[in-house]
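Asker: Quick one: the structure is below, and I'll ask about it shortly.
Protein chains in written order, with the numbering used here: chain A, 1 to 214; chain B, 1 to 442.
Right, dumping it as structure tokens:
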């Protein structure tokens, strides 16, 4: 059964942390496809795949909550983009989007600058033993086994202001957590929503001179 | 990957005979095949059932010939026919998107099955945020529908796709809020934990827990029917107006993928309803305490048998709800698109907001007036046989309470056990922060 060992090894590699690389490659490849394609709806399609692959990246790193939030907010949010894309490009001048050379240069420069920032911050972090989880190796802070809720519970505690790292040590105060900022942002969003609904509603024109309709 | 459908047990079994890496890989394949098999077989049965139900409601017989009695092989015959059909792609279509979109729908629908709790210990991924995950992933199904509508290069398809988009964007909100109602009462998002909490008497089922959950069940079921685009909310297809809506241009096996996904999603939303409101894998007549739990405790084959029984209870409940969806489909006429929107935004959304508000106040009110935490006095209190929550065993944060005076701190000479006991006593007595955490975890 030696011919079976290669695929089995591949499966085992994926389960032992290789999925991270698969998803990372997929995210990058789809992101390139977004840039290359010229049709808005196709761009949306590749964007969805890229964002979904990022969610997969989070899942394979045991960050369930972040992954699900990525699916709900980013991939779901692309839905609206997609709808606009379809509505704008079902016909007409926007069917194909071609960028001029100047725009390409400008976009390229901005992209490279962003890449520089990301790379420098990625390199400056001391990763230590926080690499992808693999079987048989001890894992560092931030990775819990699935029975203890992966990273979700720590996130929830942090949200309420209890830092899991501080537990067990004598501390006189708790940090305020993210509950208040979160609530402020959500109320803000609600205000924006109501404002948008007010602006977008159908305006009934009232003609004063005309006799009332019967 | 030991969480795969209790992979641990079967993997250990296999590991006795073969290399452990192979055992894990094989186990993963077996379990993936089981879930995929259910995902494939359930639509097969449901499509047959749909025809029978439709036939009976319209005073016909439905399929009778294929496969002998009751025409039970009808779907298989249809499947063979669909595979043989030519895989057409219209001239005006965006070929790549046209070909890919059935798979998008299919994958999104299948991913929901990853967190459905079949039985205690039989859940593909027991995520702490199971219900959040399932709502997130099920909302992706609409993407495939919109892509199909757009890429077909047909007016009917585009109309169908845009209707579906409008419908899903609106119905997602009441669906999530309704799912939050039992979650608020139970205090956990994990599907397995939610099901475990409802064990024991039927009075522990969330649907009978309080009036808000009772109404939320019906609102959820209505919204879920809309979210899987079933009649009376099947505006995306609307045969009488749009030929066949978003899948007008599809034929053959790609067309059938849409339908497999639709019927599988019907079971998925019914499974969520079962887990959230109808007690999940619990029988509601105390079967668990009497038979299944002792059987499960014996391990090995006992565990397997107990879980097969529990899983069949779960699947039966899900199928019952799917049957109700079919019943509704063949009884009610299709709504107009503006009526669909009105139903959601003007009725279902305010109702679900009210229910959510109500469930947050309910425990305080009921405890104030009756001294109990539930309305009906059940045989065994909800979650009583749960013991300490699973969360606490695995991850117990040891928050040392705030100590004003240094003298209150235990001296270094005291034995470690005594110190710990003291700290625990203090934790139980005071420390609001610790209480808060307990709430988060429970």
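Beta carbons are placed, not taken as given, at the ideal position from N, Cα and C, and that holds for glycine.
Below 8 angstroms, how does it come out for the stretch 166–173 of chain B and the stretch 252–267 of chain B: are there three or more Cβ pairs, yes or no?
Answerer: Output reads no: the stretch 252–267 of chain B does not touch the stretch 166–173 of chain B.
Asker: Given this structure, state the Cα-to-Cα distance separating residue 103(A) from residue 150(B), to the nearest angstrom.
Answerer: Mapped onto the first chain, residue 103(A) falls at position 103. Mapped onto the second chain, residue 150(B) falls at position 150. The straight-line gap from Cα to Cα measures roughly 28 angstroms.
Asker: Quick check: residue 306(B) and residue 295(B), are their CB atoms within less than 8 angstroms of each other?
Answerer: Stepping through the second chain from its first residue, residue 306(B) is reached at position 306. Stepping through the second chain from its first residue, residue 295(B) is reached at position 295. Going by C-beta atoms, residue 306(B) is nearer than 8 angstroms to residue 295(B).
Asker: What are the residues in the stretch 184–201 of chain A lying within 9 angstroms of chain B by C-beta distance?
Answerer: Flagged: no residues at all.
Asker: Is there a C-beta anywhere in chain B that falls below 8 angstroms from the one on residue 45(A)?
Answerer: The count along the first chain starts at 1 and reaches residue 45(A) at position 45. It does: the Cβ of residue 45(A) has a partner Cβ on chain B nearer than 8 angstroms.
Asker: Mind checking the stretch 319–346 of chain B against chain A and listing, in chain order, the residues whose C-beta falls within less than 8 angstroms of any C-beta there?
Answerer: So the list is empty, because no residue satisfies the distance condition.
Asker: Got a sec? Which residues, its chain only, sit under 8 angstroms from residue 332(B) by beta carbon, not counting five neighbours each side?
Answerer: On the second chain, position 332 is the one that residue 332(B) refers to. The answer, listed in chain order, is 231, 232.
Asker: Quick check: is the beta carbon of residue 466(B) nearer than 8 angstroms to any beta carbon in chain A?
Answerer: Limits of chain B in this structure are 1 at one end and 442 at the other, which puts residue 466(B) out of reach.
Asker: Taking DSSP's pairing of strands, which residues face residue 285(B) in a bridge?
Answerer: Taking the first residue of the second chain as position 1, residue 285(B) is located at position 285. BP columns for residue 285(B) point to 201(B).
Asker: Let's see if you can read the secondary structure: which residues bound the alpha helix (DSSP H) around residue 30(A)?
Answerer: The count along the first chain starts at 1 and reaches residue 30(A) at position 30. It spans 19–36 - the alpha helix (DSSP H) in which residue 30(A) sits, taken as one unbroken run.
Asker: Is the distance from the Cβ of residue 134(B) to the Cβ of residue 112(B) below 8 angstroms?
Answerer: The residue you call residue 134(B) lines up with position 134 of the second chain. The residue you call residue 112(B) lines up with position 112 of the second chain. For residue 134(B) and residue 112(B), yes; Cβs fall inside 8 angstroms.
Asker: DSSP on residue 387(B), reduced to helix/strand/coil?
Answerer: Counting from 1 along the second chain, the entry for residue 387(B) is found at position 387. The predicted position of residue 387(B) is uncertain, since its pLDDT is 45 and thus under 50; no value can be drawn from it.
Asker: Excluding five sequence neighbours on each side, which residues of the same chain lie with their C-beta closer than 7 angstroms to the C-beta of residue 104(B)?
Answerer: Translated into positions along the second chain, residue 104(B) becomes position 104. Closer than 7 angstroms at Cβ, skipping near neighbours: 143, 144, 147.
Asker: What does the alpha-carbon distance come out to for the pair residue 359(B) and residue 202(B)?
Answerer: Residue 359(B) sits at position 359 when you count from the first residue of the second chain. Residue 202(B) sits at position 202 when you count from the first residue of the second chain. Rounded to the nearest angstrom, the two C-alpha atoms are 20 angstroms apart.
Asker: Go ahead and pull the three-state DSSP assignment for residue 290(B).
Answerer: Against the second chain, residue 290(B) aligns to sequence position 290. Correct three-state label for residue 290(B): helix.
Asker: Any beta carbon from chain B within less than 8 angstroms of residue 76(A)'s own beta carbon?
Answerer: One-based indexing of the first chain puts residue 76(A) at position 76. Chain B, which has a Cβ nearer than 8 angstroms to the Cβ of residue 76(A), makes this yes.
Asker: Can you list, in chain order, the residues of its chain with a C-beta nearer than 8 angstroms to that of residue 64(B)? Leave out the 5 residues immediately preceding and following it.
Answerer: Mapped onto the second chain, residue 64(B) falls at position 64. Answer for residue 64(B): 70, 71, listed in chain order.
Asker: In chain A, which residues lie less than 7 angstroms from residue 137(B) when you measure between Cβ atoms?
Answerer: Locating residue 137(B) in the second chain gives position 137, counting from the first residue. Within 7 angstroms Cβ-Cβ: 71.
Asker: Whole angstroms are fine: how far does the CA of residue 191(A) sit from the CA of residue 338(B)?
Answerer: Against the second chain, residue 338(B) aligns to sequence position 338. Against the first chain, residue 191(A) aligns to sequence position 191. So the alpha carbons of these two residues sit roughly 26 angstroms apart.
Asker: Whole alpha helix (DSSP H) runs in the stretch 114–156 of chain B with 4 or more residues, listed along the chain?
Answerer: Here the runs fully enclosed are 130–138, 141–151.
Asker: For residue 267(B), does the count of other Cβ atoms within 10 angstroms reach 16, so buried, or fall short, so exposed?
Answerer: In the second chain, counting from the first residue as 1, residue 267(B) sits at position 267. Flag for residue 267(B) reads buried.
Asker: Roughly how many angstroms separate the alpha carbons of residue 364(B) and residue 39(B), rounded to a whole number?
Answerer: Along the second chain, read from residue 1 onward, the residue named residue 364(B) stands at position 364. Along the second chain, read from residue 1 onward, the residue named residue 39(B) stands at position 39. Straight-line Cα distance between these residues: approximately 42 angstroms.
Asker: Please list the segments of the beta strand (DSSP E) lying wholly inside the stretch 55–82 of chain A, counting only runs of 3 or more residues, in order along the chain.
Answerer: Listed in chain order, nothing qualifies, since the stretch 55–82 of chain A has no complete beta strand (DSSP E) run of 3 or more residues.
Asker: How big is the Cα-Cα spacing for residue 199(A) and residue 33(B)?
Answerer: Residue numbering aside, residue 199(A) sits at position 199 when the first chain is read from its first letter. Residue numbering aside, residue 33(B) sits at position 33 when the second chain is read from its first letter. Rounded to whole angstroms, residue 199(A) to residue 33(B) spans 52 angstroms at the Cα level.
Asker: If you pair each beta-carbon of the stretch 19–34 of chain A with each one of the stretch 45–58 of chain A, do three or more pairs fall below 8 angstroms?
Answerer: Enough Cβ pairs lie closer than 8 angstroms, so yes.
Asker: Would you kindly work out how many angstroms separate the C-alpha atoms of residue 55(A) and residue 19(A), rounded to a whole number?
Answerer: Residue numbering aside, residue 55(A) sits at position 55 when the first chain is read from its first letter. Residue numbering aside, residue 19(A) sits at position 19 when the first chain is read from its first letter. About 12 angstroms.
Asker: Going by DSSP, what residue range makes up the alpha helix (DSSP H) through residue 109(B)?
Answerer: Numbered from its first residue, the second chain carries residue 109(B) at position 109. Per DSSP, residue 109(B) belongs to the alpha helix (DSSP H) from 95–111.
Asker: On a Cα-Cα basis, can you pick out the residue from 46(B), 292(B), 83(B), 198(B) that is closest to residue 326(B)?
Answerer: As a first step, residue 326(B) must be located in the second chain, where it is residue number 326. Checking every option, the nearest Cα to that of residue 326(B) belongs to 46(B).
Asker: Consider the Cβ of residue 97(B): report whether some Cβ of chain A lies at a distance smaller than 8 angstroms.
Answerer: Numbered from 1 along the second chain, position 97 holds the residue referred to as residue 97(B). Interface residue, yes.
Asker: Please list the partners that residue 48(A) has in chain B, where partner means a Cβ-to-Cβ separation under 7 angstroms.
Answerer: As a working mapping, residue 48(A) is identified with position 48 in the first chain. Neighbours of residue 48(A) on chain B, chain order: 143.
Asker: Quick one: is residue 58(B) buried, meaning 16 or more other Cβ sit within 10 Å of its Cβ, or exposed?
Answerer: Working through the second chain from its first residue, we reach residue 58(B) at position 58. By the neighbour-count rule (16 or more Cβ atoms within 10 Å), residue 58(B) is not buried but exposed.
Asker: Along the chain, where does the alpha helix (DSSP H) containing residue 479(B) start, and where does it finish?
Answerer: Nothing about residue 479(B) can be read from this structure; chain B reaches only from 1 to 442.
Asker: Tell me which same chain residues have a C-beta within less than 7 angstroms of the C-beta of residue 159(A), skipping the five on either side of it?
Answerer: For the purposes of this step, residue 159(A) is identified with residue 159 of the first chain, where counting begins at 1. Here the set comprises 177, 178, 179.
Asker: Between the stretch 92–101 of chain B and the stretch 170–183 of chain B, are three or more C-beta pairs nearer than 8 angstroms?
Answerer: Not touching, per the Cβ criterion.
Asker: Compute the Euclidean distance between the alpha carbons of residue 96(B) and residue 254(B), then round it to the nearest angstrom.
Answerer: As a position in the second chain, residue 96(B) is number 96, starting the count at 1. As a position in the second chain, residue 254(B) is number 254, starting the count at 1. If you take the alpha carbons of residue 96(B) and residue 254(B), they lie about 13 angstroms apart.
Asker: Alpha carbon to alpha carbon, what distance is there between residue 44(A) and residue 78(A)?
Answerer: Numbered from its first residue, the first chain carries residue 78(A) at position 78. Numbered from its first residue, the first chain carries residue 44(A) at position 44. Rounded to whole angstroms, residue 78(A) to residue 44(A) spans 7 angstroms at the Cα level.
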